[in-house]
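*Asks:* Going down the list, the protein sequences come from chains A and B. So in the numbering used here, the last spot in the first sequence is 310, and the numbers never skip. So in the numbering used here, the last spot in the second sequence is 835, and the numbers never skip. All C-beta atoms in this analysis are idealised placements derived from N, C-alpha and C, irrespective of residue type, glycine included. Everything numeric in this text was worked out from a predicted model, so none of it was measured. I am attaching a structure below and will ask some questions about it afterwards.
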Amino acid sequence: MAAYAVRRVIWLFFTLFIVSIITFVIAFLMPTDPARMVGGPNAPPSVVNDIHHELGLDRPFYIQYVDFVNRALHGDFGRSYRTQQEVLPAIMERFPYTAALAILGVLIELAIGITTGIIVAVKRGAVEGFANIFVLVGLALPQFWLGIILLYVFAYKFPIFPLGGTGGFMSLVLPAFTFGVTQAAFYTRMTRAGMLEVLSEDYIRTARAKGLKNSTVIFKHAFRNAMRPVVTMFGMDLGYALGGLLVIEQVFGWPGIGVQAWQAVQNQDIPMIMGTVLFASLLIVAANLVIDLLYSLLDPRITYGQGTAR
Amino acid sequence: MALGACALAVGMAAGCGGDLQSGGSASGPIQVTTQQDIPHTDPALAYDVYSWPIVHTVFTTLITYNESAEGFVPWVATSVPEPQNGGKKYIFTLRKGIEFTNGEPVDASAFKYEIERILDPETKSPAAGSYTNIVGATDYQKNPRHGTLKGVKVLSPTRIEFDLVQPDVTFLQTMAIPPASAVPRKAVEKAGPDFDNNPVGSGPFEVETLQRGSKLVLVKNKGYFDESTAARSNEIDITIGLDPTTQIQRVQQGSADYAIDFPSSQYIQLKDNPQYKDYIIEQPINSLWYIYMNMTQEPWTNPKVREAMQYAIDKDRIVQVLAGRAYVTNQILPPKMSGYDESIGSSSPYDPDKARALLEEAGYPNGFSIEFWDLNTGDEPKVDQVIQQNLSDVGIEMDLHSVSFSEWIDKGESGQTQTGMSGWSQDYPDPSNFLDVLFSSDQIPANNWGHYSNPTVDKELNQAITMEDQSERLALYQKTQKRILADDPIVPLWNEKKTYFRNPDVQGIHFHPVWYQVYQDWYRK
Chain A
1 MAAYAVRRVI WLFFTLFIVS IITFVIAFLM PTDPARMVGG PNAPPSVVND
51 IHHELGLDRP FYIQYVDFVN RALHGDFGRS YRTQQEVLPA IMERFPYTAA
101 LAILGVLIEL AIGITTGIIV AVKRGAVEGF ANIFVLVGLA LPQFWLGIIL
151 LYVFAYKFPI FPLGGTGGFM SLVLPAFTFG VTQAAFYTRM TRAGMLEVLS
201 EDYIRTARAK GLKNSTVIFK HAFRNAMRPV VTMFGMDLGY ALGGLLVIEQ
251 VFGWPGIGVQ AWQAVQNQDI PMIMGTVLFA SLLIVAANLV IDLLYSLLDP
301 RITYGQGTAR
Chain B
311 MALGACALAV GMAAGCGGDL QSGGSASGPI QVTTQQDIPH TDPALAYDVY
361 SWPIVHTVFT TLITYNESAE GFVPWVATSV PEPQNGGKKY IFTLRKGIEF
411 TNGEPVDASA FKYEIERILD PETKSPAAGS YTNIVGATDY QKNPRHGTLK
461 GVKVLSPTRI EFDLVQPDVT FLQTMAIPPA SAVPRKAVEK AGPDFDNNPV
511 GSGPFEVETL QRGSKLVLVK NKGYFDESTA ARSNEIDITI GLDPTTQIQR
561 VQQGSADYAI DFPSSQYIQL KDNPQYKDYI IEQPINSLWY IYMNMTQEPW
611 TNPKVREAMQ YAIDKDRIVQ VLAGRAYVTN QILPPKMSGY DESIGSSSPY
661 DPDKARALLE EAGYPNGFSI EFWDLNTGDE PKVDQVIQQN LSDVGIEMDL
711 HSVSFSEWID KGESGQTQTG MSGWSQDYPD PSNFLDVLFS SDQIPANNWG
761 HYSNPTVDKE LNQAITMEDQ SERLALYQKT QKRILADDPI VPLWNEKKTY
811 FRNPDVQGIH FHPVWYQVYQ DWYRK
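Laid out in structure tokens, this is it:
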């Protein structure tokens, strides 16, 4: 188990290394000069050239990359071309907003998804139909559209929640709900598939044969075992959401790292692009690793390491 | 490591509920909303319409613009100086006893230091080009660590002299724009690049909070030196990152007072609504959008073809697709700029028959095809469609390259593009900032993307820049502008109209041609 964890951590760094190369290459393949974005439309070409030189952009590509890696390994990701902020503190200033939104959003997603998943697995008729329609409509709604509608109804027409921006817990509800509703269908499907599979197992028949109540069979025997794939997906989902939720952040004026990354791309702010992309990648890779390790704890049948097959 | 990162994430999220700020309310601070981040607060870096209103309220310059921006008024200086030594020397006398909010003195060396910072390549100032006419500027740029900028002399703490290489009456303009603000040396050196995030100035307001991408709070500078230009409210909160639609809804709802962004859809819906008559502010800004034609490339080498273009474009239709937020123009200078020529008229000369006739005369009875470069953002693609349709009607096939801002500007500056759309908005409100920048042969291809070159025009522009008599000078600019237009190097299309949505309870809001928002004048009724 320990050896496995070490190996996975090494892979994690390798993955980040590959991501950094790809991102760096893409940032440099853009046909235009980041110095122009720093200078703005009115700066004459001579001034833009000076800025280009000052940013070190006239050095060969590989030297710039090596320089970046060298500094990054010492924890220095440079300063934003645009805002002059140091990249890491700038990301950490925004991250709590994204984290709050991601965690509440994923919890709502999970609550809706699992509930409806169980319903469609065990119920028949109208209840199943409603649950199915609810999650499918949620899945089909574009996030930006649902966000605008929620804002219009619950913040403008009936001012229960603030109209965008940050303002305590209340301002978090609509964006988190938007995320939850539009993503819940994935959990519904997974929960349903898991439940149906488990419900056809022998031990469920045994449990029923013992005369246990239906609810006991479903929640005590079937549910726990059906949850394994859901846990995996939850981890990946959370990692993804923590990396920034651009569309929702944009619609609700939520100052998270999704918007930050997007603005960095708009401004060709290379240090900020590198920082935000690597940060988001780290979260996804790390979340996956944590889930894999937790997995073996949840299900003792799964073990990692050598020799288990023999 | 991975576990640590996850635990950290959860810990921060749990702790962050309390960190989130409270929302706006209808009383108390004036609430402003915007989508764009405020790019800069450091005067040496600020060079855009989002940053300048902030810099103008947090920092001070020697002189500044009057309300119409057609003249100057003293600010830290006691008077607007007269040029000496044949227009190559300016001496400013400063008021005594002014301090930055950190206690450093606002004296002659604080102004000199700022000009040196701008010229120092390490600062990466977009404004550097505006100060290279100062004696010793180019030497200083090459070697900023050794020595001092010779052409700026601190005669005493309250007297500063500027020496110019060439006489240039626009020097005073460069002293009135935000890059020329005094900055406190100790605070700048202590903060380094972070001065942009922790500005210390001497203006009517000071920055209390600056959270990039979410909030900027201005509070009244209690130690501000001049009663008559002091802030009239105690606090202005600028909420950043809000969707434009949300901004308008906030003002309608009363939870915000002023929306910087105003989407076309809501503008169309609200502009004729009597309930919101007092909410809408509309002003032309000093900008020009035009089609340039590269005069070194076929078919634009033929003046008849360029003339035909003047009649081919339906400018009224363009203004229509811009949701009416533009004015048709047939000249280079914008309407709020001194030198604007009323006699030129502003109705669209659209006449496709005449355009076709001219093309036939020019030897293109079957038309031709062109490469057209434009931005892919904002309303540009819609405008391009109109132009494409118009040109097709007179037999010109337009191959559109719709590109990002930085690619568009790179292509234009390369001087290789044949045709395209371009726009210019002022650095400062002086005719030279349009006529020289866009049409002098020195500017090929930097800003003169059409390679327009006319020795008489060059001569007149060089003459005008040194003329101290303003009315004679403007008369010469009008003459030169007519001369340029007669050569048809561009098709002038429209001047932009800025629109804002605001709560009429906030008083003192007037639109300024340079600052747009003058925050220090705003107050709640």
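(1) In chain A, which residues lie less than 8 Å from Q563 (chain B) when you measure between Cβ atoms?
(2) Let me make sure I understand the geometry here. Which of B:D536, B:Y357, B:K525 has the alpha-carbon closest to that of S512 (chain B)?
(3) Does the CB of I284 (chain A) have a neighbour CB from chain B at under 7 Å?
(4) What residues in its chain sit with their C-beta under 7 Å from that of Q698 (chain B), if we drop five residues either side in the sequence?
(5) Based on the DSSP output, what are the partners of W599 (chain B) in its beta bridges?
(6) Could you name each continuous alpha helix (DSSP H) segment of 4 residues or more that falls completely within the segment 80 to 133 of chain A, going from the start of the chain to the end?
(7) Can you give me the start and stop residues for the alpha helix (DSSP H) that P659 (chain B) sits inside?
(8) Output needed in chain order: residues of the segment 51 to 69 of chain A with a Cβ under 9 Å from some Cβ in chain B.
(9) In the segment 752 to 764 of chain B, which residues sit with their C-beta less than 8 Å from some C-beta in chain A, listed in chain order?
(10) Tell me, please, which residues DSSP counts as bridged to V894 (chain B).
(11) Spell out whether any CB of chain B is found under 7 Å from the CB atom of N214 (chain A).
(12) In chain order, what residues of the same chain lie with their CB nearer than 6 Å to the CB of I487 (chain B), ignoring the 5 residues before and after it?
(13) Count the other CB atoms, across all protein chains shown, that sit within 10 Å of the CB of Y62 (chain A); report buried if there are 16 or more and exposed otherwise.
(14) Between the Cα of N757 (chain B) and the Cα atoms of B:E414, B:Q773, B:A785, B:G725, which residue gives the shortest distance?
(15) Among A:P142, A:M236, A:N214, which one has its Cα closest to the Cα of I103 (chain A)?
(16) Can you tell me which of the three DSSP states M170 (chain A) falls into?
(17) Going by DSSP, which residues form a beta bridge with E681 (chain B)?
(18) Go through the segment 428 to 457 of chain B residue by residue and report every complete run of the alpha helix (DSSP H) that reaches 4 residues or more, in order.
(19) For a contact defined as C-beta to C-beta under 8 Å, what are the partners of V259 (chain A) on chain B?
(20) Which residues, in chain order, does the segment 12 to 39 of chain A contribute to contact with chain B at a C-beta distance below 7 Å?
(21) Closer than 7 Å between beta carbons: that is the criterion. Which residues of the segment 437 to 450 of chain B meet it against chain A?
(22) Since D347 (chain B) meets chain A, which of its residues come closer than 9 Å, beta carbon to beta carbon?
(23) Out of curiosity, what's the CA-to-CA distance linking I591 (chain B) and S597 (chain B)?
(24) Which ranges does the beta strand (DSSP E) cover as unbroken runs of at least 3 residues, wholly within the segment 487 to 528 of chain B, from first to last along the chain?
(25) So if I threshold CB-CB distances at 7 Å, which residues from the segment 717 to 738 of chain B count as touching chain A?
(26) Within the 7 Å Cβ cut-off, does R79 (chain A) reach chain B?
(27) Counting only beta-carbon atoms, is S750 (chain B) nearer than 7 Å to chain A?
(28) Contact check, V25 (chain A) vs P271 (chain A) under 8 Å by CB: the rounded distance?
(29) Please state the DSSP three-state secondary structure of E778 (chain B).
(30) Can we say the segment 94 to 109 of chain A touches the segment 201 to 215 of chain A, given the rule of at least three CB pairs closer than 8 Å?
(31) Below 8 Å, how does it come out for the segment 526 to 533 of chain B and the segment 544 to 552 of chain B: are there three or more Cβ pairs, yes or no?
(32) Taking S275 (chain B) as the query, report the chain A residues whose CB atoms sit under 8 Å from its CB, ordered along the chain.
(33) In the DSSP assignment, find the beta strand (DSSP E) that holds V342 (chain B) and state where it starts and stops.
(34) Going by DSSP, what residues sit across from E545 (chain B) in a beta bridge?
(35) So which residues on chain A does R560 (chain B) lean against when the C-beta distance must stay under 8 Å?
(36) Indicate the three-state DSSP secondary structure (helix, strand or coil) for K581 (chain B) in the structure shown.
*Replies:* The answer reads as follows:
(1) Y156, P159, L163
(2) B:D536
(3) no
(4) M708, L710
(5) B:G733, B:W804
(6) 87 to 122
(7) Segment: none, P659 (chain B) is in no alpha helix (DSSP H) and carries neither H nor E.
(8) I51, H53, E54, L55
(9) A756, N757
(10) Because chain B spans 311 through 835 in this model, residue 894 (chain B) falls outside it and cannot be assessed.
(11) no
(12) Y738
(13) exposed
(14) B:G725
(15) A:M236
(16) helix
(17) B:D709
(18) 447 to 452
(19) G523, G551
(20) L12, P31, T32, D33, R36, M37, V38, G39
(21) A438, G439
(22) R82, T83, Q263
(23) 18 Å
(24) 515 to 521
(25) E717, I719, D720, E723, D737
(26) yes
(27) no
(28) Their Cβ separation, rounded to whole angstroms, is 15 Å, which puts V25 (chain A) and P271 (chain A) out of contact at 8 Å.
(29) coil
(30) no
(31) yes
(32) The requested residue 275 (chain B) does not occur in the structure, where chain B is confined to residues 311 to 835.
(33) 340 to 344
(34) B:V529
(35) L163, G164
(36) coil
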